[in-house]
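Engineer:
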Amino acid sequence: MKILITGIHGFVGNNLIQALQSHHTLFGVDIVFPQTLGIVKTYNWDALQDIPPVNTIIHLAGKAHYTKNSMTPGMQKRSELYDVGGINPERNDSGPKTSSAQFYFDTD
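This note's numbering applies: residue 2 is where the sequence shown begins, and numbers increase by one.
(1) Can you tell me whether Phe-12 is helix, strand or coil according to DSSP?
(2) Which class does Met-76 belong to by DSSP, given the choice of helix, strand or coil?
(3) Write down the C-beta distance between Ile-32 and Tyr-44 rounded to the nearest angstrom, noting that I regard them as a contact closer than 8 Å.
(4) Starting from Ile-6, trace the beta strand (DSSP E) both ways and give me its first and last residue.
(5) Have a look at Phe-34, Ala-48 and Val-55 and flag the residue whose alpha-carbon is nearest the alpha-carbon of Met-2.
(6) If you measure between the beta carbons of Gly-29 and Ile-58, is that distance less than 9 Å?
(7) Return the CA-CA distance between Phe-34 and Gln-103, expressed in angstroms with no decimal places.
(8) Within the same chain, show all residues whose beta-carbon is closer than 6 Å to that of Ile-40, passing over the 5 residues directly before and after it, in chain order.
(9) Going by DSSP, what residue range makes up the beta strand (DSSP E) through Asn-45?
(10) Ala-20 to Ile-4, Cα distance in whole Å?
Structure follows, in structure tokens:
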């Protein structure tokens with residue numbers, strides 16, 4: 002299966018690489034691009050259109066270090082914390098294309 006993981010070089014993403022690399026083809030989106038065994042390629046947020054079609058998106062990227070008490074008045078919904086790079090599970094109309102409806106995300 003081809004899987005795209007946003008925030009792939011974060012804590013959770015790094016652990017997912019270890020768990021998934023032996024049975025899946027992994028692509029990433031992040032703000033850093035280290036060479037990591039198990040990842041075909043890490044794309045930046047400006048290159049979402051270049052990502053090949055995938056079967057599943059696991060969206061782990063988010064605006065870091067926000068808590069309920071630190072949300073600015075303009076942040077009406079919690080979903081704004083994970084609306085990163087045009088990828089938002091509430092409106093999956095842009096960004097990478099999936100060949101199925103599998104879209105997983107985590108905001109915690």
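For glycine and all other residues, C-beta sits at the position ideal for the given N, C-alpha and C.
Structural biologist: On the basis of the coordinates in this document:
(1) As a position in the sequence shown, residue 12 is number 11, starting the count at 1. It is helical.
(2) Position 75 of the sequence shown, counted from the first residue, corresponds to residue 76. Only weak support exists for where Met-76 lies, its pLDDT of 49 falling under 50; the value from the coordinates is given anyway. In the structure shown, Met-76 sits in coil (DSSP, three-state: anything other than H, G, I, E or B).
(3) Position 31 of the sequence shown holds residue 32. Position 43 of the sequence shown holds residue 44. So it is not a contact: roughly 11 Å between Cβ atoms.
(4) Position 5 of the sequence shown holds residue 6. For Ile-6, the enclosing beta strand (DSSP E) has its first and last residue at 3–7.
(5) By one-based count along the sequence shown, residue 2 stands at place 1. The shortest C-alpha separation from Met-2 is found at Val-55.
(6) Within the sequence shown, residue 29 is the residue found at index 28, counting from 1. Within the sequence shown, residue 58 is the residue found at index 57, counting from 1. For the pair Gly-29 and Ile-58, the CB atoms are not nearer than the 9 Å cut-off.
(7) Looking up residue 34 in the sequence shown gives position 33. Looking up residue 103 in the sequence shown gives position 102. Roughly 25 Å between the two C-alpha positions.
(8) Taking the sequence shown and counting its residues from 1, the one referred to as residue 40 is at position 39. Cβ neighbours of Ile-40 beyond the five flanking positions: Leu-27 and Gly-29.
(9) Counting from one through the sequence shown, the residue named residue 45 turns up at place 44. It is not in any beta strand (DSSP E) - Asn-45 carries neither H nor E in the DSSP assignment.
(10) Locating residue 20 in the sequence shown gives position 19, counting from the first residue. Locating residue 4 in the sequence shown gives position 3, counting from the first residue. One C-alpha to the other measures close to 12 Å.
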